[in-house]
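Read through the structure below, which is laid out as structure tokens, and then see the notes.
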Amino acid sequence: MSTAASLYVPSAASVPTPTDGRPSLAGVPRPRGRDLSGPELERFVTELAERPELWIHLVKHDATQRVYEELLSDEHVTAWLICWMEDHDTGFHDHDVSAGGVAVVSGAVREERLTIEGPPAKRVFKAGSSFHFSPVDIHRVRHEGSDPAVTIHVYSPPLLQMGAYVIGADGVLARHAQSYREELRPLQAGA
Ligand SMILES: [Fe+2]
Numbered sequence: 007m008s009t010a011a012s013l014y015v016p017s018a019a020s021v022p023t024p025t026d027g028r029p030s031l032a033g034v035p036r037p038r039g040r041d042l043s044g045p046e047l048e049r050f051v052t053e054l055a056e057r058p059e060l061w062i063h064l065v066k067h068d069a070t071q072r073v074y075e076e077l078l079s080d081e082h083v084t085a086w087l088i089c090w091m092e093d094h095d096t097g098f099h100d101h102d103v104s105a106g107g108v109a110v111v112s113g114a115v116r117e118e119r120l121t122i123e124g125p126p127a128k129r130v131f132k133a134g135s136s137f138h139f140s141p142v143d144i145h146r147v148r149h150e151g152s153d154p155a156v157t158i159h160v161y162s163p164p165l166l167q168m169g170a171y172v173i174g175a176d177g178v179l180a181r182h183a184q185s186y187r188e189e190l191r192p193l194q195a196g197a
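So for the sequence shown, our numbering puts the first residue at 7; every next one is plus one.
Shown next as structure tokens:
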């Protein structure tokens with residue numbers, strides 16, 4: 007990715023496999039044979055966060071954009087490592103039919119839930135903390151503080167589509183469907 011608006015295409019070479027000599031995420035305990043709920047995803051992502059040997063080699067920061075690395079993708083779960091720096095911001099979005107769990111492994115991020123009346127409901131998550139969300143939740147995640155942050159995200163069913171929200175000049179809220187391959191960012195009215 008060269009700009010914040012460009013597409014991210016996962017690199018198969020970046021995904022640890024049992025054959026590349028690195029530990030595999032496939033053996034990390036989680037419910038098998040079905041999709042996971044938000045609380046189950048939070049437990050799974052916490053397990054991943056406690057095993058840096060699985061992802062530490064993929065940590066890389068870029069001041070111009072969030073850096074994404076796919077950790078796992080199968081029938082029921084996808085997992086991503088995301089590296090954040092100052093001013094990085096997803097904008098408000100949903101996850102279509104997927105629930106999700108997020109663990110912060112370094113730095114901090116701020117989650118905001120969209121409200122119709124009043125300011126967004128904000129929560130700051132620092133290293134060692136985690137949270138989850140369901141398909142009905144609309145949120146925004148922003149880098150918090152001055153230190154770079156690293157987070158791990160898991161989604162079930164696998165994240166294929168998202169909705170990105172924009173508030174028009176007339177105050178009307180609109181949802182733009184977009185592929186998981188497009189980087190989320192704050193949308194401008196008329197986008
Ligand atoms: Fe999200």
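Ideal placement from N, C-alpha and C gives every residue a C-beta, glycine not left out.
Going by C-alpha to C-alpha distance, which of the options sits closest to residue i?
{"i": "R28", "options": "R146, E188 and L77", "result": "L77"}
{"i": "A133", "options": "G124, H101, D153 and V110", "result": "V110"}
{"i": "L166", "options": "L190, P154, G97 and A175", "result": "L190"}
{"i": "A69", "options": "F50, G177, C89 and T84", "result": "C89"}
{"i": "R187", "options": "S152, R148 and W86", "result": "W86"}
{"i": "R116", "options": "E123, R129, G124 and P125", "result": "R129"}
{"i": "A155", "options": "V178, G169 and E92", "result": "E92"}
{"i": "P125", "options": "F98, T84, V142 and S112", "result": "F98"}
{"i": "I144", "options": "A183, K66 and Y171", "result": "Y171"}
Which value, in whole angstroms, describes the spacing of the CA atoms of residue i and residue j?
{"i": "I173", "j": "T52", "result": "34 Å"}
{"i": "P45", "j": "L31", "result": "19 Å"}
{"i": "R181", "j": "D80", "result": "28 Å"}
{"i": "S140", "j": "T121", "result": "16 Å"}
{"i": "L42", "j": "H82", "result": "7 Å"}
{"i": "G39", "j": "H101", "result": "21 Å"}
{"i": "P58", "j": "D176", "result": "47 Å"}
{"i": "P22", "j": "E123", "result": "Because P22 sits at a pLDDT of 45, beneath the cut-off of 50, its placement in the model cannot be relied upon, and the following sentence gives the value as read from the coordinates. C-alpha separation (whole angstroms): 44 Å."}
{"i": "R2", "j": "G33", "result": "Nothing can be reported for residue 2, as the shown portion of the chain is limited to 7 through 197."}
{"i": "P192", "j": "P37", "result": "34 Å"}
{"i": "M7", "j": "A127", "result": "Confidence is the limiting factor: at M7 the pLDDT is only 32, short of 50, which leaves the residue's position unreliable and the question unanswerable from this model."}
{"i": "A18", "j": "I62", "result": "Unreliable positioning characterises A18 in this predicted model, as indicated by a pLDDT of 39, which lies under 50. A coordinate reading is not provided."}
Is residue i near residue j, with beta carbons less than 7 Å apart?
{"i": "A114", "j": "E56", "result": "no"}
{"i": "R146", "j": "E118", "result": "yes"}
{"i": "E48", "j": "H159", "result": "no"}
{"i": "S185", "j": "A105", "result": "no"}
{"i": "V108", "j": "T157", "result": "yes"}
{"i": "E75", "j": "L60", "result": "no"}
{"i": "P164", "j": "T96", "result": "no"}
How would you write the range of the beta strand (DSSP E) that residue i sits in, first residue to last?
{"i": "G107", "result": "A105 to S112"}
{"i": "V156", "result": "A155 to S162"}
{"i": "G169", "result": "Q167 to I173"}
{"i": "I88", "result": "T84 to W90"}
{"i": "E150", "result": "H145 to E150"}
{"i": "A180", "result": "L179 to S185"}
{"i": "F131", "result": "A127 to K132"}
{"i": "S140", "result": "Premise fails: S140 is in no beta strand (DSSP E) and is neither H nor E."}
Which residues bound the alpha helix (DSSP H) around residue i?
{"i": "L78", "result": "Run containing L78: none in the alpha helix (DSSP H); it sits in the beta strand (DSSP E), V73 to S79."}
{"i": "T52", "result": "G44 to A55"}
Taking 7 Å as the CB-CB limit, is residue i close to chain B?
{"i": "G107", "result": "The displayed structure is made up of one protein chain only, and chain B is not part of it."}
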